[in-house]
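Notes to accompany the following structure.
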Amino acid sequence: MSDETTREFEVEKQMVETPEGVETTRTGRTYVPRIDIVELNEGIRLLADLPGVAENSLDIVLENDQLTIEGFVEVERPSGYELVHTEYGIGNFRRVFKLSDQVDQEKITATIKHGVLQMDMPFASGPRTRKIAVQAAS
Amino acid sequence: MWWRTVDGNSVWQEMEKMRRQLDRMADNMTFRSVPSFPALNVWSNADGLLVTAEVPGVQPDDLDIAIVNQTLTLSGRREPADLDENARYHRRERGCGEFKRTIELPYRVAADKVEAKFKHGVLTIVLPRVEEEKPRRIQVQAA
């Protein structure tokens, strides 16, 4: 499967849905980052597209088995310019995952480069008995 | 039935007119519908244009920006994740491979003065308008 070298690019950014009657605490739009989740021999790797997010504007919070990734984008409106054609919106990113207990939470690492977050979540030592370590929370 | 006896010239004129109408329709649609990758935002001021694109995970060396006449072409590729063969995707939403985007600019730009920067996966291209084609204000003098 990893020999697949091309995959169609999705262009439209998906906004985070807010339940009716619930208000977000921040202004501006929030998008769902596109992700890949790959199971490797040694653990789970998560890749997320977070264009415009720097390492210091990224919030990764693990609470019990819930992993929340939030990326904050500084909207740099080019000064002195007027927007004449728009194909994409700019906003923050947010996505929540549920981790399985197979992952050793103490050993999770995260790096971001060129707007792509890579998180490596090694499996806890000991025999693995179950599959599927990461599932998207609703 | 629509019928007209036309000479060769006006057939072409008619087709040209239809083509322009279709182009206009297509233009109007691209504003609403989803464009191809990468999506572009275009900014403008008196000095020229600024184009931005979100291309996370693309290596700056793999990006190619070309300007021919009034056409800007942005092409490149995003490498797939480097994984061993035992790797198994649970979810795969991120595209990879080659991409190419071409847009028609409203005027000529000084190709030698075009600047591009790439930061956190966002590409910004500054396209200064050709100096001698910038609109000039003519001062009206009292006689």
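One line per chain: the protein sequences are A and B, in this order. By this note's numbering, the letter at position 69 of the first sequence is numbered 69, and the numbering carries on one by one without gaps. By this note's numbering, the letter at position 142 of the second sequence is numbered 280, and the numbering carries on one by one without gaps. C-beta: ideal position from N, C-alpha, C; glycine also. Since the model is a prediction, treat every value here as computed from it, not as a measurement.
Three-state secondary structure (DSSP) of residue i
| i | result |
| --- | --- |
| D200 of chain B | helix |
| L221 of chain B | coil |
| S182 of chain B | strand |
| M153 of chain B | helix |
| R274 of chain B | coil |
| Q159 of chain B | helix |
| E20 of chain A | coil |
| E10 of chain A | coil |
| S213 of chain B | strand |
| L236 of chain B | A small correction: the amino acid at residue 236 of chain B is Glu; Leu does not occupy that position in the sequence shown. Three-state DSSP puts E236 of chain B in a strand. |
| D120 of chain A | strand |
| D250 of chain B | helix |
| E76 of chain A | coil |
Per-residue burial, residue i [other beta carbons within 10 Å of its own, 16 or more giving buried]
| i | result |
| --- | --- |
| Q102 of chain A | buried |
| P194 of chain B | buried |
| K155 of chain B | exposed |
| A136 of chain A | exposed |
| G80 of chain A | exposed |
| K13 of chain A | buried |
| P244 of chain B | exposed |
| L212 of chain B | buried |
| P218 of chain B | buried |
| D161 of chain B | exposed |
| P273 of chain B | exposed |
| T6 of chain A | exposed |
| D220 of chain B | exposed |
| I83 of chain B | Nothing about residue 83 of chain B can be reported from this structure: the residues present for chain B run from 139 to 281 only. |
| D36 of chain A | buried |
| L83 of chain A | exposed |
| G71 of chain A | buried |
| V278 of chain B | exposed |
For residue i, the nearest candidate out of the options (CA to CA)
| i | options | result |
| --- | --- | --- |
| E74 of chain A | A:E82, A:N56, A:L67 | A:N56 |
| A249 of chain B | B:Y227, B:E236, B:I205 | B:I205 |
| V268 of chain B | B:T209, B:N224, B:G186 | B:G186 |
| H258 of chain B | A:E106, A:E42, A:T111, A:T68 | A:T111 |
| T86 of chain A | A:R94, A:R77, A:N92 | A:R77 |
| C234 of chain B | B:D200, B:K272, B:E152 | B:D200 |
| E223 of chain B | A:N41, A:E70, A:E82, A:E8 | A:N41 |
| H228 of chain B | A:V134, A:M15, A:V96 | A:V134 |
| V16 of chain A | A:A124, A:Q66, A:G91, A:L58 | A:G91 |
| D109 of chain A | A:R95, A:Y88, A:L47, A:V84 | Note that residue 109 of chain A is Thr in the sequence shown, not Asp. Per the Cα distances, A:L47. |
| V247 of chain B | B:V278, B:P266, B:Q279 | B:P266 |
| D104 of chain A | A:L67, A:V96, A:L83 | A:L67 |
| V196 of chain B | B:T209, B:Q208, B:R216 | B:R216 |
| V61 of chain A | A:F9, A:E106, A:K113 | A:E106 |
| N207 of chain B | B:P176, B:T240, B:F175 | B:T240 |
| F9 of chain A | B:T209, B:E270, B:E236 | B:E236 |
| L154 of chain A | A:F93, A:Y31, A:T30, A:N64 | The question about residue 154 of chain A has no answer here: the residues shown for chain A are numbered 1 through 138. |
Residues of its chain near residue i, where Cβ-Cβ distance is below 7 angstroms and the 5 sequence neighbours each way are ignored
| i | result |
| --- | --- |
| P51 of chain A | G115 |
| Q183 of chain B | Looking at the sequence provided, one finds Asn at residue 183 of chain B rather than Gln. Correct list: empty, nothing qualifies. |
| D202 of chain B | S213, G214 |
| G21 of chain A | none |
Own chain partners of residue i with C-beta closer than 6 angstroms, once the 5 adjacent residues on each side are dropped
| i | result |
| --- | --- |
| V189 of chain B | L178, V180, I263 |
| K238 of chain B | S213 |
| R34 of chain A | D49 |
| R45 of chain A | V38, D120 |
| F256 of chain B | P198 |
| request: Entirely within the region 83 to 116 of chain A and at least 3 residues each: give me those beta strand (DSSP E) ranges in chain order. | output: If only complete runs of 3 or more residues are kept, the region 83 to 116 of chain A shows the beta strand (DSSP E) at 92 to 99, 109 to 113, in order along the chain.
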